[in-house]
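Chains as they are written, first to last, in the working numbering: chain B, 14 to 122; chain W, 16 to 128.
The beta carbon of each residue, even a glycine, is placed where N, CA and C say it ideally should be.
Data block below; observations after.
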């Protein structure tokens, strides 16, 4: 079946540190891949997406590249801010959306 | 310019007392989804509507029902809430075949006392 595995948290970083959150997937067919962010008490917001192999999604300094050979879609940011503190969900879409378990990121000043 | 609206944002109900959560959209999307999310876990799909066609996930309890009277509105009915149903309920929409993206509402946090 289709599924997403992402790095377990929580992740705690200092401001301006480099961020990587790993995400791998298993899917039949050719999924689209997403990263969603959820701030406390709010719904999910789309952060970035990639719809085919080798596509790079980017937004607000975050990037992720669709790697078909490694079935991965790792999220990266070169310099995190306190305002990036949130829960990040990797997801794939083949028919229905499947989410990873989420990774809580806390950025300290 | 809210596109997916959920009301109320916070709902308290008593054990066993029916409750209805509301979702509306201004996007005119043909698909509407309901997810249950507990404690920042992955959202769990309960069911979705493609136009008027209802699609239930196999493991969604019978206690959960849904209605979609028109394109804009979709309701989640919990017939007899239990303590285990306390969660954030997320509504999302999508225009099938036009976009890969699901647009989420802010969610309704349900508390069962």
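Between residue i and residue j, is the Cβ-Cβ spacing less than 7 Å?
i, j, result
"residue 54/B", "residue 120/W", "no"
"residue 49/W", "residue 111/W", "no"
"residue 114/B", "residue 113/W", "no"
"residue 115/W", "residue 45/B", "yes"
"residue 53/W", "residue 107/W", "no"
"residue 123/W", "residue 104/W", "yes"
In angstroms, rounded to a whole number, what distance separates the CA positions of residue i and residue j?
i, j, result
"residue 33/B", "residue 28/W", "40 Å"
"residue 50/B", "residue 19/W", "17 Å"
"residue 22/W", "residue 36/W", "7 Å"
"residue 79/W", "residue 93/W", "5 Å"
"residue 102/B", "residue 116/B", "7 Å"
"residue 118/W", "residue 63/B", "16 Å"
"residue 65/W", "residue 46/W", "5 Å"
"residue 75/W", "residue 110/B", "16 Å"
"residue 87/W", "residue 73/W", "25 Å"
"residue 70/W", "residue 89/W", "13 Å"
"residue 59/W", "residue 122/B", "33 Å"
"residue 99/B", "residue 24/B", "10 Å"
"residue 16/B", "residue 41/W", "31 Å"
"residue 88/B", "residue 120/B", "16 Å"
"residue 21/B", "residue 33/W", "36 Å"
"residue 14/B", "residue 112/B", "13 Å"
"residue 35/B", "residue 51/W", "24 Å"
"residue 7/W", "residue 43/W", "In the structure as shown, chain W begins at 16 and stops at 128. Residue 7/W is therefore absent and cannot be evaluated."
What distance in whole Å lies between the Cβ atoms of residue j and residue i, which are believed to be in contact at a cut-off of 8 Å?
i, j, result
"residue 100/W", "residue 61/W", "With a Cβ gap of about 11 Å, residue 100/W and residue 61/W do not count as contacting."
"residue 78/B", "residue 37/B", "Not really, about 13 Å apart at Cβ, beyond 8 Å."
"residue 107/B", "residue 41/B", "7 Å"
"residue 47/B", "residue 104/B", "4 Å"
"residue 95/B", "residue 29/B", "10 Å between Cβ atoms; not a contact."
"residue 67/W", "residue 83/W", "6 Å"
"residue 75/B", "residue 90/B", "5 Å"
Are any of the Cβ atoms in chain B nearer than 7 Å to that of residue i?
i, result
"residue 117/W", "yes"
"residue 121/W", "yes"
"residue 36/W", "no"
"residue 111/W", "no"
"residue 105/W", "yes"
Could you work out which residues of chain C lie near residue i, taking near to mean beta carbons separated by less than 8 Å?
i, result
"residue 56/W", "In the displayed structure, chain C is absent; the protein chains listed are B and W."
Of all Cβ atoms in chain W, is any one closer than 7 Å to the Cβ of residue i?
i, result
"residue 60/B", "no"
"residue 45/B", "yes"
"residue 106/B", "yes"
"residue 55/B", "yes"
"residue 41/B", "no"
"residue 20/B", "no"
"residue 64/B", "yes"
Is the closest heavy atom of the ligand MG to the C-beta of residue i under 6 Å?
i, result
"residue 50/B", "No copy of the ligand MG appears in this structure; indeed no ligand is present at all."
Original post:
At which residue ranges does the stretch 18-81 of chain B contain complete beta strand (DSSP E) runs of 3 or more residues, listed in the order of the chain?
Top reply: Entirely contained in the stretch 18-81 of chain B, the beta strand (DSSP E) runs reaching 3 residues are, in chain order, 24-27, 32-34, 36-39, 45-51, 57-63, 69-72 and 75-78.
Original post:
Where in the stretch 52-125 of chain W do unbroken runs of the beta strand (DSSP E), each at least 3 residues long, occur, reported from the N-terminal end onward?
Top reply: DSSP runs (the beta strand (DSSP E)) wholly in the stretch 52-125 of chain W: 59-65, 68-71, 79-82, 88-93 and 102-109.
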